[in-house]
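**Student:** In the numbering used here, the protein residues as written are 232 to 487.
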Ligand code: MN
């Protein structure tokens, strides 16, 4: 069993080290992670410059790029083998609802999924690394269970783990993504030269945290596991949009 491990908080993040330790009993774990914190990087690839891969003293490899760069480079030439699994995390903070669209943690796993590999993204609910070892044990349990009882076909699982002790994390709920309110406003400040600068505001609070969602499960102390798909097609609206397109008036008709 060979596991490619990445994250978005950077190769020095405690969550990466904890997850590495937890996964090591399951097989050979190869780390390729970003040099810098890339939280919020989404699925971006670096196309404007070349990438360099460095090796840290502990053997972790790190890349001056995004999480997606890391997994992409690993799978398309850096590694001389195809890993059996791609794992991302443990992230410093939750990735639920629309967070999944912005998350670099989810993106690293998504890249593995796009290459047809079973892929897992792990995040702790609250920032600060509280109960990190317990979360790493849960991640181990989920990956170990998958190895023992694999599902057929490509799989992308987004896992959010409350910051609780291991004994309190035995309930796994399979969830759908909830929804958030729009993000809070940007924070406007003045830089030392008196010029305005803007910080992107906090993510909004949950708007749909009803039973069955990731928000609901984690709020009640459960580990939330959401299977993700990547097809963004809004199939239900296709007939309506087809009708709309059919009602168009061509420029030629308008001018006649
Ligand atoms: Mn992060």
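No residue lacks a Cβ here, since even glycine has one placed at the ideal position from N, Cα and C.
Which value, in whole angstroms, describes the spacing of the CA atoms of residue 299 and residue 452?
**Tutor:** Position 68 of the chain shown, counted from the start, is the residue given in the question as residue 299. Position 221 of the chain shown, counted from the start, is the residue given in the question as residue 452. The straight-line gap from Cα to Cα measures roughly 30 Å.
**Student:** What does the alpha-carbon distance come out to for the pair residue 430 and residue 422?
**Tutor:** Along the chain shown, read from residue 1 onward, the residue named residue 430 stands at position 199. Along the chain shown, read from residue 1 onward, the residue named residue 422 stands at position 191. Rounded to the nearest angstrom, the two C-alpha atoms are 12 Å apart.
**Student:** Any idea what DSSP makes of residue 440, helix, strand or coil?
**Tutor:** Residue mapping note: residue 440 aligns to position 209 of the chain shown, counting from 1. Coil.
**Student:** At a cut-off of 6 Å, is residue 322 close to the ligand MN when judged by its beta-carbon and the heavy atoms of the ligand?
**Tutor:** If you number the chain shown from 1, residue 322 lands on position 91. Yes.
**Student:** Tell me, please, which residues DSSP counts as bridged to residue 458.
**Tutor:** By one-based count along the chain shown, residue 458 stands at place 227. Per DSSP, 388.
**Student:** Alpha carbon to alpha carbon, how far is residue 246 from residue 309?
**Tutor:** By one-based count along the chain shown, residue 246 stands at place 15. By one-based count along the chain shown, residue 309 stands at place 78. Taking the straight line joining both Cα atoms gives about 23 Å.
**Student:** Given a threshold of 16 other Cβ atoms within 10 Å of its Cβ, counted over all protein chains shown, does residue 184 qualify as buried or as exposed?
**Tutor:** In the structure as shown, the chain begins at 232 and stops at 487. Residue 184 is therefore absent and cannot be evaluated.
**Student:** Just checking, does the region 443 to 452 make contact with the region 324 to 332 on the three C-beta pairs under 8 Å criterion?
**Tutor:** With a cut-off of 8 Å, the region 324 to 332 and the region 443 to 452 count as touching, because enough Cβ pairs lie within range.
**Student:** Helix, strand or coil, according to DSSP, for residue 406 in the structure here?
**Tutor:** Locating residue 406 in the chain shown gives position 175, counting from the first residue. The answer is coil: DSSP assigns residue 406 none of H, G, I, E or B.
**Student:** Based on the DSSP secondary-structure assignment, which residues constitute the bridge partners of residue 259?
**Tutor:** As a first step, residue 259 is located in the chain shown; it is residue number 28 there, counting from the start. The partner list for residue 259 (beta bridge, DSSP) reads 233.
**Student:** Counting only runs that start and end within the region 263 to 298, where is the beta strand (DSSP E) found for 3 or more residues in a row?
**Tutor:** Taking only runs of at least 3 residues, the beta strand (DSSP E) segments lying wholly in the region 263 to 298 are 284 to 286, 292 to 294.
**Student:** With DSSP run on the structure shown, which of helix, strand or coil describes residue 360?
**Tutor:** Translated into positions along the chain shown, residue 360 becomes position 129. DSSP places residue 360 in coil when its eight states are reduced to three.
**Student:** Quick one: what does DSSP say residue 411 is sitting in, helix, strand or coil?
**Tutor:** Start at 1 with the first residue of the chain shown, and residue 411 comes out as number 180. Residue 411 falls in the strand class under three-state DSSP.
**Student:** Judging by CA-CA distance, which residue of 343, 248, 458 is the nearest neighbour of residue 302?
**Tutor:** On the chain shown, position 71 is the one that residue 302 refers to. If we check each option's Cα against that of residue 302, 343 comes out closest.
**Student:** Do you know offhand how far residue 463's Cα is from residue 393's?
**Tutor:** Position 232 of the chain shown holds residue 463. Position 162 of the chain shown holds residue 393. Their backbone Cα atoms lie some 28 Å apart in a straight line.
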